[in-house]
Amino acid sequence: MSPIFLRAASLAAVFLPAVAAAESISFDQAISLAVQRSEAARAAQAAMQGSVHSIQAAGQLPDPMLRAGIDNFPVTGSDRFSGTRESMTMKRIGVSQEWLSADKRAAREGAARARADRDAVQKDIAEAEARLQASMAYVDAWFATEALKLTTQTEHHLHEELNAAKSRIAAATGNSAEALQLLSAKGIAEDESEEVRQQQSAAMVSLQRWIGVLPDALNKPPTFPVPEERDYVARYPAVAGLKSDVEIARQNANVAAKERSPNWTWEVSYGQRTGYSDLVSVGVSIPLQIAPSQRQDRETSAKLSMVDKAEADLTEGMRAAMADYRTLTSDAARLQQRIERYQGSVVTPARQRTSAALAAYRSNQLALTAVFEARHAEVEAQRKLLALQRDLVRTQAQLNLKPIAQGGAQ
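For the sequence shown, my numbering begins at 41 and goes up steadily by one.
Here you go:
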């Protein structure tokens, strides 16, 4: 049985019973499903595991080298191609080992660990992106559903009003112009419902792309607290990635500094000559750094320049994160103000207008079409209010879910 099948079966065992048993999916369930299904997060997880395995290998000595050969083998004269008649011919076998100091091995291990930490951050970033995109799709789908309820309600009211108008015409107490106006209004309302239904369908498909299932219903999204700016910036995905880049650059510079001292290579070999005593040879090879200022020093300087670059990129990334935070918090505050003002100055008067129109209609002081106009204005006001509330929830969700999860970045 393949690992992919086992993974899919385990996910289904955990999540699908809960989804199937409930008519609706909560916001937290959707976020969890999105993280579990994220192939980008799974790829980052695999990369992180590979980097972790490389840490121990980076701190090891290079493999020893086996050396074997024949020295002074005759190729001319009476002893040519003989390995025993020429006294200078010697068979040799040995082993050599390049020696890295403990400091060098520790530096290389540190660089490998920094790369593994970066891969871990990439996993956190992928999970944060999955959470954010799923939350945006969830919010859009829920508010589209609420808007559809409003337009459907308008359709229902117009259907009742049109039937009432037809009844009055049949009883010779109404007029056909009113009925035609209501019929036209009903067609407009049906088209508006189809438009909203199309938006809801697109939002549901987007949500299904992230969570893997098409829910029958959604719970209301939760309210989100506003995080502190320092915490938001520290866990901002780009900042977290740039921090790991700075650490990698520093570790690479440390490796370059340690590499300035040459690696010695030790060798021991055993030789045999026919008719003579066996021989043992011991030697050492030491690279001669004849121009360190033109090679080793320049390599170290190049790595240090990369540290400066990474730190500058980090500073720029933190500025961008702070600007993003302040933009989102400003948008959230302004949206909250607009919602409160809109509720008081538009929605409430529209609701009161509908009530007044109904009362006037029941007392035969107002035409039925005027009641529809009042109801339509109220529905439009409520739809605009829903749009503002959706934008506010999306903004608050970005403030909370765009950063990587708590504990993911240090």
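We put the beta carbon where it would ideally sit given N, CA and C, even for glycine.
Computed from a predicted structure; not experimentally measured.
Express the C-alpha separation of residue j and residue i in angstroms, rounding to a whole number.
i, j, result
"T263", "Q436", "8 Å"
"P104", "V324", "14 Å"
"W304", "Q89", "33 Å"
"A407", "L223", "15 Å"
"V308", "E167", "54 Å"
"Q96", "K144", "14 Å"
"A61", "H416", "In this prediction, A61 has a pLDDT of 38, which is less than 50 and means its spatial position is unreliable; what the coordinates show is noted afterwards. Cα-Cα distance, rounded: 38 Å."
"A156", "S91", "5 Å"
"Q446", "R275", "8 Å"
"V387", "F183", "17 Å"
"R290", "R77", "35 Å"
"T369", "M362", "11 Å"
"N292", "V286", "10 Å"
"D180", "R153", "41 Å"
"P114", "L319", "20 Å"
"D338", "I165", "The identity of residue 338 in the sequence shown is Arg, whereas the question assumes Asp. Roughly 35 Å separates the two Cα atoms."
"P443", "K343", "30 Å"
"Y401", "L220", "18 Å"
"N112", "Q334", "39 Å"
"Q392", "S385", "11 Å"
"F67", "S233", "25 Å"
"L198", "A390", "18 Å"
"A372", "S345", "41 Å"
Cβ atoms of residue j and residue i: under 8 Å apart, would you say?
i, j, result
"E269", "Y365", "yes"
"S175", "L441", "yes"
"A229", "T191", "yes"
"W306", "Q137", "yes"
"A147", "K298", "yes"
"G134", "Y310", "yes"
"L258", "Q438", "no"
"Q376", "L432", "yes"
"A81", "K163", "yes"
"A280", "V411", "no"
"V236", "A187", "yes"
"S64", "D256", "yes"
"A170", "A278", "no"
"A397", "A414", "yes"
"D159", "A243", "no"
"L282", "G357", "yes"
Find the nearest neighbour of residue i within the set the options, judged by alpha-carbon distance.
i, options, result
"M130", "L328, L220, R313", "R313"
"E195", "Q89, A225, V386, S317", "A225"
"L254", "Q240, P267, E234", "Q240"
"T409", "R423, T394, A421", "T394"
"L328", "E413, R158, Q438, S301", "S301"
"R69", "P102, P261, V411, M128", "According to the sequence displayed, residue 69 carries Gln and not Arg. Comparing Cα-Cα distances from Q69 to each of P102, P261, V411, M128, the minimum goes to P261."
"R132", "W139, A151, R107", "R107"
"G315", "Q85, Q193, T124, S284", "T124"
"G150", "P332, Q100, E126", "Q100"
"R359", "A372, V273, N112, D159", "V273"
I'd like to confirm the pairing. Which residues does DSSP put opposite residue i in its beta bridges?
i, result
"Y276", "In DSSP, Y276 forms no bridge with anything."
"Y401", "DSSP lists no partner for Y401."
"D111", "M130"
"K258", "Contrary to the premise, residue 258 reads as Leu rather than Lys in this sequence. Answer by DSSP bridge pairing, in chain order: I65."
"T305", "E138, S325"
"M105", "S136"
"Y310", "I133, V320"
Measuring only between beta-carbons, confirm whether residue i sits less than 8 Å from chain D.
i, result
"A257", "No chain D is part of this structure, which consists of one protein chain only."
Is the region 412-430 in contact with the region 349-368, if contact means three or more CB pairs nearer than 8 Å? no
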